[in-house]
Amino acid sequence: MSAAAIALTTIVAIVALGTTVGFVAGARVKMDLEQWTVGGRGFGVVLVFLLMAGEVYTTFAFLGASGWAYSRGGPTLYVLAYLTLAYVVSFFVLPQLWELGRRHGLQTQSDFFRMRYGNRWLAGFVCIVGIASFVPYLQLQITGIGIIASVASYGDIGRTPAMAVAVALLVAFVFASGVRAVAWVSVVKDALMVFAAIAIGIGVPLMHFGGTRAMFAALVHTHAAHLTMPGATANLGHGWFISTVLLTSFGFYMWPHAFGATFTARSADTLRRNAVVMPLYTLTLAFIFFAGFAAVLIVPGLANGDLAMLTVVRQSFPPWFLGVVGGAGALTAMVPASIFILTAATLFAKNLYRPLFAPTMSDQGVARLARATVVVMGLISLGLAIYSSTTLVSLLLTGYAGVTQFFPGVLLGLYSRRVTAPAVFAGMIVGVVTAVFLMLTHHDPLFGVSAGFLALCLNFLVTISTMLLTRRPT
Amino acid sequence: MPDPEGAPPARRPALVAVALALIPLTAMCFTVPLWDRIDPMPLGLPFNLFWLICWIVLTPLLMWGAYRIEARRHRPDGSDP
Numbered sequence: 213m214s215a216a217a218i219a220l221t222t223i224v225a226i227v228a229l230g231t232t233v234g235f236v237a238g239a240r241v242k243m244d245l246e247q248w249t250v251g252g253r254g255f256g257v258v259l260v261f262l263l264m265a266g267e268v269y270t271t272f273a274f275l276g277a278s279g280w281a282y283s284r285g286g287p288t289l290y291v292l293a294y295l296t297l298a299y300v301v302s303f304f305v306l307p308q309l310w311e312l313g314r315r316h317g318l319q320t321q322s323d324f325f326r327m328r329y330g331n332r333w334l335a336g337f338v339c340i341v342g343i344a345s346f347v348p349y350l351q352l353q354i355t356g357i358g359i360i361a362s363v364a365s366y367g368d369i370g371r372t373p374a375m376a377v378a379v380a381l382l383v384a385f386v387f388a389s390g391v392r393a394v395a396w397v398s399v400v401k402d403a404l405m406v407f408a409a410i411a412i413g414i415g416v417p418l419m420h421f422g423g424t425r426a427m428f429a430a431l432v433h434t435h436a437a438h439l440t441m442p443g444a445t446a447n448l449g450h451g452w453f454i455s456t457v458l459l460t461s462f463g464f465y466m467w468p469h470a471f472g473a474t475f476t477a478r479s480a481d482t483l484r485r486n487a488v489v490m491p492l493y494t495l496t497l498a499f500i501f502f503a504g505f506a507a508v509l510i511v512p513g514l515a516n517g518d519l520a521m522l523t524v525v526r527q528s529f530p531p532w533f534l535g536v537v538g539g540a541g542a543l544t545a546m547v548p549a550s551i552f553i554l555t556a557a558t559l560f561a562k563n564l565y566r567p568l569f570a571p572t573m574s575d576q577g578v579a580r581l582a583r584a585t586v587v588v589m590g591l592i593s594l595g596l597a598i599y600s601s602t603t604l605v606s607l608l609l610t611g612y613a614g615v616t617q618f619f620p621g622v623l624l625g626l627y628s629r630r631v632t633a634p635a636v637f638a639g640m641i642v643g644v645v646t647a648v649f650l651m652l653t654h655h656d657p658l659f660g661v662s663a664g665f666l667a668l669c670l671n672f673l674v675t676i677s678t679m680l681l682t683r684r685p686t
Numbered sequence: 155m156p157d158p159e160g161a162p163p164a165r166r167p168a169l170v171a172v173a174l175a176l177i178p179l180t181a182m183c184f185t186v187p188l189w190d191r192i193d194p195m196p197l198g199l200p201f202n203l204f205w206l207i208c209w210i211v212l213t214p215l216l217m218w219g220a221y222r223i224e225a226r227r228h229r230p231d232g233s234d235p
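Protein sequences, first through last, are from chains S and Y. For the first sequence, this note's numbering begins at 213 and goes up steadily by one. For the second sequence, this note's numbering begins at 155 and goes up steadily by one.
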């Protein structure tokens with residue numbers, strides 16, 4: 213068998229194994245809307261951990277972070293900071309949210325806004341911004357699968373057919389099984405990913421330099437500036453670091469799927485414990501960084517940094533191991549992508565279409581429409597992945613600039629009695645418009661500060677001043 | 155269904171828990187100009203990478219403290235604010 217055949221066979225076997233686990237988990241439970249979206253609200257610490265880790269450690273962590281470590285250098289360290297601090301922030305948001313969710317039967321993020329602010333236009337706007345922010349994030353995952361297939365096949369398989377097959381599989385998978393399946397596939401995916409990350413992070417420096425210490429010594433010798441900020445970039449300095457870490461750690465649980473995963477938990481205490489232990493999972497990423505930095509010396513001059521890790525693996529390990537890494541990477545893209553599609557479909561059917569166009573639709577009808585939407589979402593993201601070329605990190609940050617605009621409405625909604633629908637609505641519109649404008653006109657970062665963060669500041673400012681102006685006289 | 159009074163907001167966290175959470179936020183984010191450098195290189199890692207890895211490990215310890223405080227406040231009365 214040729215090297216490409218061995219690698220590809222291994223990848224297919226791993227994806228098949230992961231998908232089977234998902235189907236089996238889904239088949240045991242009868243699916244209604246509540247089961248499909250929030251798993252019957254009965255997940256304990258372990259399943260919630262797996263679900264949340266499953267949706268957090270995406271292709272972005274696997275290929276995107278190493279890709280930026282390779283092409284940008286120091287600024288990539290923001291990933292280690294934000295993934296840790298996001299859990300710290302979540303400690304003060306998710307358990308409180310869960311309490312409200314249980315009391316009011318909430319299933320989605322839009323449900324929260326509808327319940328808390330009693331305004332269906334605000335709830336609809338939240339849906340639209342959420343679904344739109346998913347697009348770049350989904351595109352990121354599908355692009356990742358394309359990269360894996362083309363590197364693992366030594367260039368024999370084009371990206372487009374690989375992405376098309378992945379999307380078809382993804383849609384079938386989500387269609388059949390819902391959120392419970394996704395949590396169980398995460399078990400396979402996370403075990404493989406941690407194994408692969410540690411093996412690569414330790415193995416690559418060892419084989420090429422005799423160890424991590426020697427590898428960094430060599431890097432300091434030849435590429436010292438690459439290791440600190442702004443690294444290989446012109447404008448990603450300390451101001452960018454601080455603003456991006458704040459933007460992304462506040463925004464982390466504002467992603468509609470992460471927000472919705474809250475409601476799968478059995479208790480508020482489950483979420484509190486999760487917030488305490490989850491940062492340790494970020495250690496895996498440190499190993500991925502080792503590989504990305506090693507690639508600077510081993511495979512210099514790649515046009516696309518996102519290829520760096522897999523190219524190094526292909527050069528250093530036997531084909532079956534490239535297959536294991538590729539398979540882990542493919543599941544790492546597919547698990548989150550299924551969650552995104554699942555969430556976006558539920559939001560569209562339950563929170564946008566039914567309340568605005570078909571108020572009499574039954575829950576079964578909503579579930580059917582949600583499944584149809586899954587197919588449409590899959591096709592849209594495939595189309596975008598084929599026709600666009602941006603780095604994986606940039607795609608992620610674009611989505612973050614959108615979803616973080618929910619943060620003021622959520623935080624104040626939980627902790628302030630006085631905040632009103634017009635205040636949150638005004639702030640959110642200003643935030644979203646600012647973020648979109650700055651990004652479309654290529655002003656990100658602006659004066660060395662992340663555009664999404666500037667939009668978030670304006671959002672807070674407008675929300676609070678409107679809140680003070682529209683306060684009901686008592 | 156819209157709730158005329160608005161949902162009752164959640165109970166505010168204990169100040170000590172918030173203070174504990176501010177420690178990693180300060181260490182990993184605001185102080186970046188102080189630790190974003192290569193030397194010294196403990197364990198052979200650039201200092202900025204080493205610093206962040208240390209705080210990934212220290213953060214759960216601090217948040218465990220915050221958990222003890224919050225869990226105690228929420229348990230006795232069935233946790234409804």
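A virtual CB, placed ideally from N, CA and C, is assigned to each residue, including glycine.
Using the Cβ count rule (16 or more neighbours within 10 Å means buried), how would you classify residue i?
i: Pro-187(Y); result: exposed
i: Met-375(S); result: buried
i: Met-327(S); result: buried
i: Ala-584(S); result: exposed
i: Asp-323(S); result: buried
i: Met-213(S); result: exposed
i: His-655(S); result: exposed
i: Val-386(S); result: buried
i: Val-341(S); result: buried
i: Pro-417(S); result: buried
i: Val-537(S); result: buried
i: Ser-677(S); result: exposed
i: Asp-368(S); result: exposed
i: Met-155(Y); result: The pLDDT assigned to Met-155(Y) is 38, lower than 50, so where the model puts this residue is not dependable, and the model offers no usable value.
Using DSSP with H/G/I as helix, E/B as strand and the rest coil, what is residue i?
i: Ala-361(S); result: helix
i: Ala-477(S); result: strand
i: Asp-514(S); result: It is Leu, not Asp, that sits at residue 514(S) in the sequence shown. Leu-514(S): coil per DSSP, three-state reduction.
i: Leu-199(Y); result: coil
i: Thr-632(S); result: coil
i: Asp-190(Y); result: coil
i: Tyr-269(S); result: coil
i: Ile-676(S); result: helix
i: Asn-447(S); result: coil
i: Phe-304(S); result: coil
i: Pro-571(S); result: coil
i: Ser-322(S); result: helix
i: Thr-434(S); result: helix
i: Phe-407(S); result: helix
i: Met-155(Y); result: Reliability fails at Met-155(Y), whose pLDDT of 38 lies under 50, so the model's placement of it is uncertain and the value that follows must be treated cautiously. DSSP places Met-155(Y) in coil when its eight states are reduced to three.
i: Thr-653(S); result: coil
i: Arg-166(Y); result: coil
i: Thr-169(S); result: This structure leaves residue 169(S) out entirely; chain S is present only between 213 and 686.
i: Trp-467(S); result: coil
Bridge partners for residue i per DSSP, in chain order?
i: Val-661(S); result: Leu-658(S)
Between the options, which has its C-alpha nearest residue i's C-alpha?
i: Phe-475(S); options: Leu-404(S), Thr-271(S), Arg-315(S); result: Arg-315(S)
i: Gly-451(S); options: Phe-235(S), Cys-669(S), Pro-657(S); result: Pro-657(S)
i: Leu-650(S); options: Val-642(S), Ala-430(S), Ala-663(S), Met-640(S); result: Ala-663(S)
i: Tyr-269(S); options: Val-631(S), Thr-494(S), Ile-676(S), Ala-515(S); result: Thr-494(S)
i: Val-578(S); options: Lys-562(S), Ala-277(S), Val-588(S), Gln-617(S); result: Lys-562(S)
i: Arg-484(S); options: Glu-311(S), Gly-356(S), Ala-506(S); result: Glu-311(S)
i: Phe-407(S); options: Met-679(S), Phe-533(S), Thr-682(S); result: Phe-533(S)
i: Val-644(S); options: Phe-337(S), Asn-331(S), Arg-284(S); result: Phe-337(S)
i: Gly-614(S); options: Val-642(S), His-435(S), Thr-632(S), Arg-580(S); result: Val-642(S)
i: Leu-681(S); options: Gly-590(S), Thr-646(S), Arg-630(S); result: Arg-630(S)
i: Leu-174(Y); options: Arg-226(Y), Val-211(Y), Trp-218(Y); result: Trp-218(Y)
i: Leu-559(S); options: Leu-581(S), Ser-528(S), Ile-592(S); result: Leu-581(S)
i: Tyr-349(S); options: Ser-593(S), Ile-412(S), Thr-675(S); result: Ser-593(S)
i: Ala-254(Y); options: Ala-171(Y), Thr-213(Y), Arg-191(Y); result: Absent from the model: residue 254(Y). The displayed extent of chain Y is 155 to 235, so no value can be given.
i: Thr-222(S); options: Ser-628(S), Gly-541(S), Leu-289(S); result: Gly-541(S)
So with CB distances below 7 Å, who are the chain A contacts of residue i?
i: Phe-303(S); result: Within the model displayed, chain A is absent; protein chains S and Y are what it includes.
Checklist entry - Can you list, in chain order, the residues of the region 203 to 219 of chain Y whose Cβ is nearer than 8 Å to any Cβ on chain S? => result The residues in question are Leu-203, Leu-206, Ile-207, Trp-209, Ile-210, Val-211, Thr-213, Pro-214, Met-217, Trp-218.
Checklist entry - Between the region 280 to 292 of chain S and chain Y, which residues of the former have CB atoms less than 8 Å from a CB of the latter, in chain order? => result Result list: Gly-286, Leu-289, Leu-292.
Checklist entry - Closer than 7 Å, Cβ to any Cβ of chain S: which residues of the region 162 to 180 of chain Y, in chain order? => result Per Cβ criterion, the list reads Pro-163, Ala-164, Arg-166, Pro-167, Ala-175, Pro-178, Leu-179.
Next on the checklist: Using a Cβ-Cβ cutoff of 9 Å, what residues of the region 398 to 430 of chain S are near chain Y? List them in chain order.
Outcome noted: If the cut-off is 9 Å between Cβ atoms, the region 398 to 430 of chain S has Gly-423, Thr-424, Arg-425, Ala-426, Met-427, Phe-428, Ala-429 near chain Y.
Next on the checklist: Please list, in chain order, the residues of the region 187 to 203 of chain Y that have any C-beta partner in chain S closer than 8 Å.
Outcome noted: Those residues of the region 187 to 203 of chain Y that come within reach of chain S (Cβ to Cβ, closer than 8 Å) are Pro-187, Asp-190, Arg-191, Ile-192, Met-195, Leu-197, Gly-198, Leu-199, Pro-200, Asn-202, Leu-203.
Item to check | Contact list for the region 446 to 480 of chain S against chain Y, Cβ threshold 7 Å | outcome: Taking 7 Å as the Cβ-Cβ cut-off against chain Y, the residues of the region 446 to 480 of chain S that qualify are His-450, Phe-453, Ile-454, Val-457, Leu-458, Ala-480.
Checklist entry - Name the residues in the region 613 to 637 of chain S whose C-beta lies less than 7 Å from a C-beta of chain Y; which are they? => result Answer in chain order: Leu-626, Tyr-627, Ser-628, Arg-629.
Checklist entry - In the region 491 to 508 of chain S, which residues sit with their C-beta less than 8 Å from some C-beta in chain Y, listed in chain order? => result Those residues of the region 491 to 508 of chain S that come within reach of chain Y (Cβ to Cβ, closer than 8 Å) are Pro-491, Leu-492, Thr-494, Leu-495, Ala-498, Phe-501.
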